[in-house]
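Student:
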Amino acid sequence: MNRGQPVIQVEDMVKRFGHFTANDHLNFEVFQGEIFGFLGANGAGKTTAIRILCGLSLPTSGKIHVAGYDVYRDREKIKKSIGYMSQKFSLYEDLKVYENIRFYAGIYGLGLTFIKRRTDQLLEKLGLEYARNKLIKDLPLGWRQKLAFSVAIFHNPKIVFLDEPTSGVDPITRRQFWELIYEAGNEGITVFVTTHYMDEAEYCDRVAIMDQACIEAIGTPADLKEKFGAEDMNQVFLKIARHQRRNFTDSPPIDFPLSPEGGRTGG
Ligand SMILES: Nc1ncnc2c1ncn2[C@@H]1O[C@H](COP(=O)(O)OP(=O)(O)OP(=O)(O)O)[C@@H](O)[C@H]1O
Ligand SMILES: [Mg+2]
Numbered sequence: 001m002n003r004g005q006p007v008i009q010v011e012d013m014v015k016r017f018g019h020f021t022a023n024d025h026l027n028f029e030v031f032q033g034e035i036f037g038f039l040g041a042n043g044a045g046k047t048t049a050i051r052i053l054c055g056l057s058l059p060t061s062g063k064i065h066v067a068g069y070d071v072y073r074d075r076e077k078i079k080k081s082i083g084y085m086s087q088k089f090s091l092y093e094d095l096k097v098y099e100n101i102r103f104y105a106g107i108y109g110l111g112l113t114f115i116k117r118r119t120d121q122l123l124e125k126l127g128l129e130y131a132r133n134k135l136i137k138d139l140p141l142g143w144r145q146k147l148a149f150s151v152a153i154f155h156n157p158k159i160v161f162l163d164e165p166t167s168g169v170d171p172i173t174r175r176q177f178w179e180l181i182y183e184a185g186n187e188g189i190t191v192f193v194t195t196h197y198m199d200e201a202e203y204c205d206r207v208a209i210m211d212q213a214c215i216e217a218i219g220t221p222a223d224l225k226e227k228f229g230a231e232d233m234n235q236v237f238l239k240i241a242r243h244q245r246r247n248f249t250d251s252p253p254i255d256f257p258l259s260p261e262g263g264r265t266g267g
């Protein structure tokens, strides 16, 4: 693909919690309009990295720029340039669909007329007009996640960060979710997404694979499959994990608990 300008630049990013290192000298760039996948088992350090890139947490060291802003100095500017769908929380369960949209859009300072028009367009696109007055807690998880994503890009950010947006969502809805991601990519929004689902890794322009706080591989899915002599991304992931465990522990290699379709079964 033709790469645009780098919109995320990470050099030697380290994050320590006391003596524990959660991100160990990460190095990567993400380019404008890219769909960049961030993969890794539970505890690999993905959310820690996302929180730093969103300006929510300071790194211990490293040189990091997001949307052209420095993560030490310009965290408020970063927050205005990005959208974020967090792993643990996305929408207010006790607010109605339209109230959630209005709430988030209001935070970004968008005008009421604009919010109303965009809300109508959005609900129509998602086929959710019937649910305008429903409480979020009454919507199926898949719908909630699609809505949360749409809310995260409502203000048309440069970059959107999605932390396991499809966790626990059925395969058909996951596919629909990825169509929304592609649409955002086509509109020029850079997408930074973490996932455990290896079929989703195949949908990314490039992926970084994390293991135990480090990035062990980075490239297009096609490049990584070739490099590791693997048929699919699931095999790439398992090969990296086995290799690391042979290098760093005395215990036998452990397989991650992947389900037959490539998703994790627990956690
Ligand atoms: N505030 C904190 N204080 C101490 N340790 C932390 C803190 N936040 C994260 N960690 C530790 O850092 C490691 C990486 O956590 P992180 O949440 O980044 O992993 P992850 O890759 O997002 O995992 P998951 O797939 O389960 O979401 C974990 O061992 C976690 O316990
Ligand atoms: Mg996480």
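Residue numbers (our numbering): 1 to 267.
Think of the CB as a built atom: it goes at the ideal place given N, C-alpha and C, for glycine as much as any other residue.
Owing to the predicted nature of the structure, the values given are computational and were not obtained by experimental measurement.
Out of T48, Q5 and I215, state which residue places its alpha-carbon closest to the alpha-carbon of L162.
Tutor: It is T48 whose Cα lies nearest to the Cα of L162.
Student: Taking the alpha carbon of R132 as the point to measure from, which residue in R117, V97 and R144 has its own alpha carbon closest?
Tutor: The shortest C-alpha separation from R132 is found at V97.
Student: Give the straight-line distance between the Cα atoms of T113 and G106, rounded to the nearest whole angstrom.
Tutor: Their Cα atoms are separated by approximately 11 Å.
Student: According to DSSP, is F154 part of a helix, a strand, or is it coil?
Tutor: Coil at F154, not helix or strand.
Student: For I189, which three-state DSSP category applies?
Tutor: Coil.
Student: Between I189 and P157, is the Cβ-Cβ spacing less than 8 Å?
Tutor: In contact: I189 and P157 (Cβ atoms closer than 8 Å).
Student: Could you give the DSSP three-state label for D250: helix, strand or coil?
Tutor: At D250, the pLDDT of 45 sits below 50, so the modelled position is not reliable; the number obtained from the coordinates is stated separately. Correct three-state label for D250: coil.
Student: Pull every residue with its beta-carbon under 6 Å away from any heavy atom of ligand 1, and keep them in chain order.
Tutor: Every residue passing the under-6 Å Cβ criterion appears here: F17, F20, A22, G40, N42, G43, A44, G45, K46, T47, T48, Q87 and G267.
Student: Does the beta-carbon of D24, which I'm using as the reference point, lie nearer than 7 Å to any heavy atom of ligand 2?
Tutor: Because no heavy atom of ligand 2 lies under 7 Å away, the Cβ of D24 does not count as near it: no.
Student: Starting from Y104 and walking both ways along the alpha helix (DSSP H), at which residues does that stretch end?
Tutor: Note, Y104: alpha helix (DSSP H), V97 to I107.
Student: Hey, G55 and I35: beta-carbon distance below 8 Å or not?
Tutor: The answer is no: Cβ separation not under 8 Å.
Student: Is D163 near ligand 2, judged by its Cβ being under 7 Å from some heavy atom?
Tutor: Under cutoff, so the answer is yes.
Student: Just to confirm before moving on: does the CB-CB distance between A208 and F20 stay below 8 Å?
Tutor: Cβ atoms of A208 and F20: not closer than 8 Å.
Student: Can you give me the C-alpha to C-alpha distance between M210 and A44, rounded to a whole angstrom?
Tutor: Whole-angstrom Cα-Cα distance: 6 Å.
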